[in-house]
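Chains as they are written, first to last, in this note's numbering: chain A, 5 to 339; chain G, 69 to 359.
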């Protein structure tokens, strides 16, 4: 990806976000149910409901509401959450780091499991062990992340209670973090006991997210490895007297990584989507968990802020994947 | 004198189809032998078998392949691997696909040298630059730092030739190394192979379907047809007085400026077994020549 391409992609970001904003804003207001109906006690008078609607500006035409909301967003003001009564941007900045850390950990686990499975599979190519690996990968893939969450919760939280099953950190641990990236901060400052406490809370939700993703990585990588091993350069490497494991690692793997990252990298978005349910199951205080509350309470400003946040994450992720592929493939660098 | 390569009554099958039906040939030390035949004659399969590069669905039914008198098929994996790439080298057919696209030229040559000659990283790169100079590549240091897609097909083939001769091989198997190149580059590549062969004293088994190429650089030749050796001998002798009708047909099919080429009609696969089962039926091959 050269500079021109990067600039072209960056120019496309604002219109993309604008489109997302329009769709979310209109959909929320067209679909039945609004925040007022969630706030009022039963038997409230029509006059009271009208007053509340006017207070939140919901009596205005949609276009009018949108323009005034967008005007504020451009200045960095995402409004106040109706249900939590806090600034939306503050809420997002507090919760987002938790989700980013969870997603990073899940990605790391998925990459390790996926790459190992693919390598074992290719080494055992044509033998019975290959079938076993393919079968195991199939099982990982067939069970969705939220179901893994429940299975893990049952196994390690209930049957063999080894790990905590809710929250981001124990309430008794004294928190005096400077950022909201608790895990990264505690690792950087060398507070390993705190990092361990955080990891104990994160490992189950991260594993639930990672397992299906690791199966996707294993499948993509194994197929790419098989294809690359049949290429001339890999065959000829055999005639140079290199051992097969060495050929797989040095000649085949770097080539197979390119399509795997290109196709699999984008699947991290799937992981982000998965955080919504998995964070809920483990009462993990990230934006996914918050998204469910926001939707239940029809908290328009918060939902709008959340959707825009997800959109930004998706865009950044796509750019990062493209940059990584360029880094891996010299043919794209000079093209 | 022990032959550099001895192939003895080699039979290879792919699934139920037999592709080599008892082919034998010898390549003497320092000799350049052409192995010719039409597509599907089994000539590439023979070369691949010697290098241990048979496709996974192919199997050696019977026969012997010996390198300097030692049976390659009975060697241990480690023994064979220490000969391959060092004493037995390959010049592959397609320079466009034979180099690893994500590794620099220098890294690919360097790895080969370090694997077989136990050189340090730096010594390997210096030796690699010398090798590139040997194959007439100018600015070898610059080429070492390039990726395969940044150099031309002809230059890639030179890099592959340099790699083949990198460890002073006593046998080089050239698997149609000029087929994918255009005619002017072809000539340079042939001259290069000839020069390096003389310098390193290697024997070459030159697999090709191009009789012109054989006439230019091979002292002896073997004609393969339908998995068997039809004819062999000194190149000049075979080309001037082909004993076999098939060789004559092959010669007639070679395009020449002074007359139109005749079409070589392939033998239908169904007929091949029948053909070989009855020696007299070989006369059928005369039918292959257009009336």
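Yeah, the Cβ is synthetic: ideal placement off N, Cα and C, and Gly gets one too.
- A distance below 6 Å between beta-carbons, with the five flanking residues on each side excluded, links residue 134(G) to the following residues of its chain, in chain order: 74.
- Segment contact: the segment 151 to 166 of chain G against the segment 236 to 253 of chain G, three or more CB-CB distances shorter than 8 Å; contact assigned.
- The residue from 191(A), 67(A), 211(A), 41(A) with its alpha-carbon nearest to that of residue 57(A) is 41(A).
- Within chain A, the residues placing a beta-carbon under 7 Å from that of residue 162(G) are 236, ordered along the chain.
- Closer than 8 Å at the C-beta level to chain G, one finds these residues of the segment 243 to 257 of chain A: 243, 244, 245, 246, 247, 254, 255.
- The Cβ-Cβ distance between residue 216(A) and residue 152(A) falls below 8 Å.
- Where residue 251(A) is concerned, the enclosing alpha helix (DSSP H) starts and stops at 248 to 251.
- The three-state reading of DSSP puts residue 289(G) in strand, counting E and B together.
- For the segment 149 to 176 of chain G, residues whose beta-carbon sits nearer than 9 Å to a beta-carbon of chain A comprise 149, 150, 151, 152, 153, 154, 156, 157, 158, 160, 161, 162, 164, 165, 166, 167, 168, 169, 170, 171, 172, 176.
- Contact note: residue 124(G) reaches chain A through 130, using a C-beta cutoff of 8 Å and chain order.
- With respect to residue 210(A), residue 118(A) sits apart: the two C-beta atoms are not nearer than 8 Å.
- Put simply, of 242(A), 205(A), 314(A) the residue whose alpha carbon is nearest the alpha carbon of residue 157(A) is 205(A).
- Residues of the segment 212 to 225 of chain G with a Cβ closer than 7 Å to any Cβ of chain A, in chain order: 215, 217, 218.
- Taking 8 Å as the threshold, the shortest C-beta distance from residue 333(A) to chain G falls below it.
- With contacts defined by Cβ atoms closer than 8 Å, residue 260(G) and residue 210(G) do not form a contacting pair.
- Contact annotation: residue 332(A) and residue 265(A) have beta-carbon atoms nearer than 8 Å.
- Taken through DSSP and simplified to helix, strand or coil, residue 243(G) comes out as strand.
- At a cut-off of 8 Å between beta-carbon atoms, residue 268(G) makes no contact with chain A.
- Beta bridge pairing from DSSP links residue 95(G) with 73(G).
- The beta carbon of residue 71(G) lies closer than 7 Å to those of 94, 95, 96 in the same chain, with the five residues before and after it left out.
- In the three-state scheme derived from DSSP, where H, G and I count as helix and E and B as strand, residue 289(A) is classed as coil.
- In the three-state reduction of the DSSP assignment, residue 194(A) falls in the coil class, being assigned neither a helical nor a strand state.
- For residue 120(G), the nearest beta carbon of chain A is closer than 8 Å to its own beta carbon.
- For residue 164(A), the closest alpha carbon among the candidates 188(A), 155(A), 172(A) is that of 155(A).
- For residue 41(A), the enclosing alpha helix (DSSP H) starts and ends at 39 to 43.
- Burial is judged here by how many other beta carbons sit within 10 angstroms of a residue's own beta carbon; residue 142(A) has fewer than 16 and is exposed.
- Here the alpha carbons of residue 80(A) and residue 318(A) stand approximately 20 Å from one another.
- Comparing alpha-carbon positions, the option among 218(A), 187(A), 69(A) lying closest to residue 203(A) turns out to be 187(A).
- Here residue 94(A) carries a helix assignment [DSSP, helix/strand/coil].
- Contact between residue 181(G) and residue 195(G) is confirmed by a C-beta separation of about 5 Å, below the 8 Å threshold.
- Considering only beta carbons, the part of the segment 233 to 259 of chain G lying closer than 9 Å to chain A consists of 241, in chain order.
- Out of 253(A), 262(A), 61(A), the CA that lies nearest to the CA of residue 335(A) is found in 262(A).
- Against chain G, the beta carbon of residue 259(A) has neighbours under 8 Å at 168, 169, 170, listed in chain order.
- The Cβ neighbour count for residue 123(G), taken over all protein chains shown within 10 Å, is under 16; the residue is labelled exposed.
- Scanning its chain for C-beta atoms nearer than 6 Å, with the 5 sequence neighbours on each side dropped, one finds around residue 87(A) the residues 301, 303, in chain order.
- In chain order, 310 place their CB closer than 6 Å to the CB of residue 316(G), counting only its own chain and leaving out the 5 sequence neighbours on each side.
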